[in-house]
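**Q**
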Amino acid sequence: MQLELKNVSYTYGKGTVFEVNALSNIDLMIEEGQFIGIIGHTGSGKSTLIQHFNALMQPTEGKVLFEGEDIWGEKYDRRALRSKVGLVFQYPEHQLFEADVLTDVAFGPKNQGLTKAEAEARAREALVQVGFPEKFYGHSPFELSGGQKRRVAIAGVLAMNPSVLILDEPTAGLDPKGRDEILDQISYLHSKRGITIILVSHSMEDVARYADRLIVVNDGKIPYDGTPREVFAHYEELEKIGLAAPQITYIMHDLAAKGLSVDVHATTVEEAKKSILAALVGKGARR
Amino acid sequence: MRNITIGQYYPADSILHKLDPRVKFLGTLVFIVSLFLIKGLAGYVFVTVVLATLVKLSKVPFGMMLKGMKAIIFILIITVIFNMLFTPGEAIFTIWRLSVTKEGAVQAFRMAIRLSYLIIGSSIMTLTTTPNQLTDAMENLFSPLKVIKVPVHEISMMMSIALRFIPILMEETDKIMKAQIARGADFESGNLIKRVTNMIPLLVPLFVSAFQRANDLAMAMEARCYHGGEGRTQMKPLRYEKRDYIAYILMLAFAAAAVCFCIFGGGWI
Ligand SMILES: Nc1ncnc2c1ncn2[C@@H]1O[C@H](COP(=O)(O)OP(=O)(O)OP(=O)(O)O)[C@@H](O)[C@H]1O
Ligand SMILES: [Mg+2]
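Heads up: the sequence lines are chains F and U, in that order. Going by the numbering used here, 59 is the number at position 51 of the first sequence; the sequence numbering is gapless. Going by the numbering used here, 38 is the number at position 30 of the second sequence; the sequence numbering is gapless.
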């Protein structure tokens, strides 16, 4: 078990009039090599949850274990943990500060104690991985477009070679092409390097397509946790908590209602296509 | 919505919260001046009773007011020590060449009471009034100064904007700090120079975003035709109600009592 949350609760502003219960009694296990999608409506507690994974937030109650060790134990090296569990924040472009792109990306590896040359090599590798064009390596990060900044910021975390990569809405505000490129890249890292990925997203289509496990967060609790097929089978309940199933799932339900015997739990266009074709062939054969 | 408030506003449903901020502002001034007028034991008992009543009325836990005291505890101790040791008079006891005088002890006691009541009194105002209400009150009270070309409206607008931005910047600092910690930044260890250079990854993005925000805000204000104070009306204009007039009358009575204690007070304190 790579990461484990045991009965974790978090309250903002504990002991003041402004107390907000952001997480309540969460139990969660994350195994190595999983691709996990986290969905939940605005303010449900997703960002709060993921900040517990790399010790940026200390639970007000409960325990967080990384590879079996309590990360809030007295002797635990939390700085080392943070280079194993990389976290890309929502709108990460606000963390850029160096004079040029390459140095900025090398900031993380340098903090890990690598030499300048090693750190730079890591930075180049990470920038290639996020598909950032080489001609901009020497530019100031503040002169880039929003999407380019985003890539640089993601590279800044990737360059630390984490074994778990957490991304908080990495594609918010990107164009469809940029979004697909970044998600494909993340998926590639997952399959080639075996990194555990935890992806927070508001796009049901994206999580259905990439994740092999979905965690639904609502009101600081986890009502559903399972494969996309299992979770989206509850699409009516999901709608009640401000979420939805991928559009294709609705189409499949409509087709089934019209009498075509398709798989109503299909969550991606690929799956749906296969199922529809099979159903049509079956229908044709019967005719 | 994030409920971070600057200053120490404590939301509650009390008569003091409902009072017009101008009343509270002037009331606090009257209270502070009276503190320094009052003489005599009876006077101090009187102020204590008034203050206790206000604390009770405000429905704010007394602990919140004592928090304000923490900030001045050091000043308080120094004041007490200096007054005890350096007031000339009849010595009570002597340690080495320093002697504590009777007059000094009385004076120290008096100063300690005045300072702590001053803090508690002004805490009552800041705990029951939002910073925005306070700036509105000040703009309103100081508006006669416009005659002598003091830009009262502009100053109060700047104050409100600054107050509005403090929580935003605090939140931003927190976010950037976490993002850099996630990249292995270290804001805690090292010597002074190391620590200062370690702040760069925090300060650069913070300034960039602060300027960006200031720019956006100026643009947004201009787009809504903001043109300064001339002829502007307020969305929630300050208006006196019956309770405010009553408060003013009580305030006058209090001030009169304080003057009486100043003239006729005395006794052993
Ligand atoms: N710094 C803070 N202080 C007080 N309350 C906070 C703070 N940060 C978040 N909250 C509250 O905690 C709850 C969960 O917030 P969180 O940021 O985890 O939501 P989220 O699921 O990430 O939302 P989004 O989809 O908008 O990013 C919300 O009710 C929010 O108002
Ligand atoms: Mg969030």
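Glycine residues also receive a C-beta, built at the ideal position from the N, C-alpha and C atoms. Because the structure is a prediction, the values reported are computed rather than measured.
1) For chain U, check one thing: does any of its Cβ atoms lie closer than 8 Å to the Cβ of residue 23 (chain F)?
2) What are the boundary residues of the beta strand (DSSP E) that includes residue 88 (chain U)?
3) Mind pulling the chain U residues with CB within less than 9 Å of residue 115 (chain F)?
4) From residue 232 (chain F) to residue 158 (chain F), what distance separates their C-alpha atoms?
5) Can you pull the DSSP bridge partners for residue 45 (chain F)?
6) Could you give the residue range of the beta strand (DSSP E) that holds residue 30 (chain F)?
7) Determine, using beta carbons only, whether residue 139 (chain U) comes closer than 8 Å to chain F.
8) Please look up how many angstroms separate the CB atoms of residue 167 (chain F) and residue 116 (chain F), rounded, as I've assumed it's under 8 Å.
9) If the cut is a Cβ gap below 8 Å, which residues of chain U does residue 10 (chain F) touch?
10) Straight-line CA distance for residue 111 (chain U) to residue 99 (chain U)?
11) Near residue 274 (chain F), which residues of its chain fall below 6 Å by C-beta distance, leaving aside the five closest residues on each side in sequence?
12) Nearest chain F C-beta to residue 183 (chain U) closer than 8 Å, yes or no?
13) Within the 8 Å Cβ cut-off, does residue 212 (chain U) reach chain F?
14) Which residues of chain U have a Cβ atom closer than 8 Å to the Cβ of residue 164 (chain F), listed in chain order?
15) If you measure from the CB of residue 68 (chain F), is any heavy atom of ligand 1 nearer than 7 Å?
16) Anything in the stretch 132-163 of chain F with a Cβ closer than 8 Å to a Cβ of chain U? List those residues in chain order, please.
17) Cβ closer than 7 Å: which chain U residues qualify as neighbours of residue 105 (chain F)?
18) Mind listing which residues have their beta carbon within less than 6 Å of any non-hydrogen atom of ligand 4? Chain order is fine.
19) From this set, F:164, F:36, F:256, which residue's C-alpha is nearest residue 111 (chain F)'s C-alpha?
20) At least one CB of chain F closer than 8 Å to the CB of residue 158 (chain U): is that the case?
21) If you follow the alpha helix (DSSP H) that residue 111 (chain F) is in, where does it begin and where does it stop?
22) Is it true that the stretch 62-70 of chain F meets the stretch 221-241 of chain F, where meeting means three or more beta-carbon pairs spaced less than 8 Å apart?
23) Of the choices U:190, U:49, U:216, whose alpha-carbon is the least far from that of residue 59 (chain F)?
24) DSSP three-state call for residue 231 (chain F): helix, strand or coil?
25) Of all the CB atoms in chain F, is at least one closer than 8 Å to the CB of residue 38 (chain U)?
26) How long is the line joining the alpha carbons of residue 153 (chain U) and residue 143 (chain U), rounded to whole angstroms?
27) When we look at the beta-carbon of residue 176 (chain F) and count the other beta-carbons within 10 Å, is it buried (16 or more) or exposed?
28) Does chain U have any CB closer than 8 Å to the CB of residue 43 (chain F)?
29) Examine ligand 1 and report whether any of its heavy atoms sits within less than 7 Å of the Cβ of residue 215 (chain F).
30) Quick one: list the residues of chain U neighbouring residue 95 (chain F), beta-carbon separation under 7 Å, in chain order.
31) Is there at least one Cβ from chain U nearer than 8 Å to residue 87 (chain F)'s Cβ?
32) With a threshold of 8 Å on Cβ separation, who are the neighbours of residue 194 (chain U) within its own chain once the five nearest residues in sequence on each side are excluded?
33) Residue 236 (chain F) and residue 208 (chain F): beta carbons closer than 8 Å?
34) For residue 172 (chain F), I'd like the list of residues in its chain whose CB is within less than 6 Å of its CB, leaving aside the five on either flank, ordered along the chain.
35) Please list the residues of the stretch 14-31 of chain U that have a C-beta atom closer than 8 Å to any C-beta atom in chain F, keeping them in chain order.
36) To the nearest angstrom, how far is the alpha carbon of residue 134 (chain U) from that of residue 16 (chain U)?
**A** So, to answer that:
1) no
2) Careful: residue 88 (chain U) lies outside any beta strand (DSSP E), inside the alpha helix (DSSP H) at 70-94.
3) 188, 191, 192, 193, 209
4) 30 Å
5) In the DSSP output, where bridge partners are listed per residue, residue 45 (chain F) has F:207, F:222.
6) 28-38
7) no
8) 5 Å
9) What residue 10 (chain F) touches in chain U: nothing, since even the nearest Cβ is about 17 Å away.
10) 9 Å
11) 260, 280, 283
12) yes
13) yes
14) 191
15) no
16) Correct list: 150.
17) 208, 209, 212, 213
18) This structure lacks ligand 4; the ligands present are ligand 1 and ligand 2.
19) F:164
20) It does not; no Cβ of chain F falls within 8 Å.
21) 109-119
22) no
23) U:190
24) Strand.
25) no
26) A straight-line Cα-Cα distance of about 15 Å links residue 153 (chain U) and residue 143 (chain U).
27) buried
28) no
29) no
30) 190
31) Interface residue, yes.
32) 206
33) no
34) 93, 204
35) 18, 19
36) 6 Å
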